[in-house]
Each structure stands twice: as structure tokens, then as C-alpha cells.
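Take a look at the structure below.
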Amino acid sequence: MDEGDLAQDWQARSNAAAIAAHRHAMAANRGPATGICTECGDEIPPRRREAVPGCVLCVDCQAGAERAAGA
Ligand SMILES: [Zn+2]
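Mapped onto my numbering, the consecutive letters of the sequence shown carry residue numbers 1 to 71.
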């Protein structure tokens with residue numbers, strides 16, 4: 001293994017670590033995408049989940065959250 005191989009190996013490892021950290025952060029932000037509203041427990045329609053990947057609130061609760069945030 002020469003220096004180039006070592007550099008490539010290191011880069012592959014750091015990329016994998018960065019991706020894992022990113023995924024972990026995304027999961028922490030969004031929670032698990034279960035398709036169930038985390039606020040009221042209603043099912044989130046598949047169409048909404050496709051339109052808003054990773055959404056954890058149904059339309060009603062999302063609207064309420066945005067009103068509460070003053071958006
Ligand atoms: Zn809801």
C-alpha cells in the first residue's frame with residue numbers, strides 16, 4: 001500500500017463518518033419517519049410524505065405549528 005492508497009482509504013473512512021453523522025443529525029431533527037403524526041397520532045397521508053420527505057406532522061398540526069410560530 002503506497003501513500004496514495006492510504007490517502008484514499010482515509011478519505012473513504014472520513015466520508016463514511018461524515019455521512020453517518022449527517023444521518024444521525026437528520027434523524028434527531030426529524031424523528032423517525034413513521035407516517036404517524038407526532039402531535040395527534042393520526043396517519044400522515046402517503047402523498048404528503050412524498051411531498052414533504054421526513055415530515056412528522058399531519059397537515060392540521062403542521063398548520064397549527066406554523067401559526068404558533070407566527071409564520
Ligand atoms: Zn396531527
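A virtual CB, placed ideally from N, CA and C, is assigned to each residue, including glycine.
- The residue among Ala-69, Glu-50, Ala-51 and Glu-43 with its C-alpha nearest the C-alpha of Cys-58 is Glu-43.
- When the beta-carbon positions are compared, Thr-38 and Val-56 come within less than 7 Å of each other.
- Straight across, the Cα-Cα distance linking Ala-63 with His-22 is about 28 Å.
- Membership of Glu-43 in any alpha helix (DSSP H) is not indicated, and neither H nor E is assigned to it by DSSP.
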